[in-house]
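First comes the structure, then the notes that go with it.
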């Protein structure tokens, strides 16, 4: 597709060990085993504390924001017993800053602040930017020992820890119920294990409830290859946005120009020529019908003021249509009243 030379490398700065935990024992992919003190019913917590006792940090991935908050709240008093007096003093100051980031502290502010005093924290999209910055900085300084996070952290922030604990391998989908997450996401989380210059190795551990689940997780995730990568332009919302953008920014001004442009993308590489043209024609007709595009001089396709504005906002044109129609209806009702 790119006419480029493939360069492959499996090098990483810190050796990675992957395994599955069950009933007080980690089974690694090389068949070695390691016992873990199972003092608590919360197995992910046992794994996190085991690392802290050895002077390391643990990053625990859970599937919901609420789950991350609950885990950090439960972990904090246990972690606090393992902190030095100097660490407790610094964390107390950070906790106060976390609490007062907003003019009026919220429930999340109070919960996060309390967890931080114990050397634990949670990280998700519901935090204020300054709170995220404070938590990330404290974790990098090895003050926060246990950080519970949603999987978005694995892709967006570089916060390595000696041990990564992946508690949940399913997530809730509103149309399908609980579904297994892709191998690719598990590998992305596992990639956070091991701090360069500080750790000789990193560990990525999944949590199993039964022996059968342990064996399943080994085969399904740790010994498996990641899924194939597919272009996101195959999804209609993304294709609508980028077709509009390509015309609004002048990359294309005709149907043939669109076909030429998109045929050079990864999406075009993965599609048959007929499928690509059919998809582009359908989107183009929608954009013209809804007033995003119009015919300009020399029969060129150009964006209308409405189309340009929607492209600048980087939203799905279908969402813009819904909003526009709702505003029109509201205006009609107001006029009639």
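Numbering (the working numbering), first residue to last: 1 to 337. Positions of the beta carbon are idealized from the N, C-alpha and C atoms, including for glycine. Since the structure is predicted, the reported quantities are computational estimates derived from the model, not experimental observations.
Run of the alpha helix (DSSP H) containing residue i, from where it starts to where it stops
i, result
"residue 274", "273–289"
"residue 340", "The requested residue 340 is not part of the displayed model; the chain covers only 1 to 337."
"residue 35", "Counting along the chain, residue 35 falls outside any alpha helix (DSSP H), though it belongs to the beta strand (DSSP E) covering 33–35."
"residue 318", "317–336"
"residue 338", "Nothing about residue 338 can be reported from this structure: the residues present for the chain run from 1 to 337 only."
"residue 267", "266–270"
Residue i, DSSP secondary structure in three states
i, result
"residue 45", "helix"
"residue 57", "coil"
Beta-ladder partner(s) of residue i, from DSSP
i, result
"residue 302", "294"
"residue 20", "27 and 206"
(message) If we require 4 or more residues per run, which alpha helix (DSSP H) segments fall completely within the region 83–152?
(response) 85–99, 107–117 and 129–140
(request) Pick out the complete beta strand (DSSP E) segments inside the region 186–254, 3 residues or longer, and give them in chain order. (result) 201–207
(request) Kindly confirm or deny that the region 129–138 and the region 84–104 touch, where touching means at least three C-beta pairs closer than 8 Å. (result) yes
(request) Starting from the N-terminal side, write out each stretch of the beta strand (DSSP E) that is 3 residues or longer and does not extend beyond the region 162–186. (result) 163–166, 170–173 and 177–180
(message) I'd like to know if the region 241–255 and the region 310–321 are in contact, where contact means that at least 3 CB-CB pairs between them fall below 8 Å.
(response) yes
(request) Indicate whether the contact test is met: 3 or more Cβ pairs, each with one atom in the region 206–214 and one in the region 253–273, closer than 8 Å. (result) no
(message) When you compare the region 123–132 with the region 24–42, are there three or more beta-carbon pairs, one atom per stretch, that lie closer than 8 Å?
(response) no
(message) Would the region 246–258 count as touching the region 320–334 if we require 3 or more Cβ pairs under 8 Å?
(response) no
(message) Counting beta carbon pairs with one atom in the region 154–173 and one in the region 193–209, are three or more of them shorter than 8 Å?
(response) yes
(message) Under 8 Å, with one C-beta from each stretch per pair, do the region 224–239 and the region 39–52 reach the 3-pair mark?
(response) no
(message) Does the region 14–34 come into contact with the region 216–225, if we say contact requires no fewer than three beta-carbon pairs (one atom in each stretch) closer than 8 Å?
(response) yes
(message) Counting beta carbon pairs with one atom in the region 57–66 and one in the region 166–182, are three or more of them shorter than 8 Å?
(response) yes
(message) Pairs of beta-carbons, one from the region 61–80 and one from the region 140–151, closer than 8 Å: are there three or more?
(response) yes
(message) Does the contact criterion of 3 or more C-beta pairs under 8 Å hold for the region 176–190 versus the region 152–162?
(response) yes
(message) Three Cβ pairs or more, each shorter than 8 Å: is that satisfied between the region 77–92 and the region 111–120?
(response) yes
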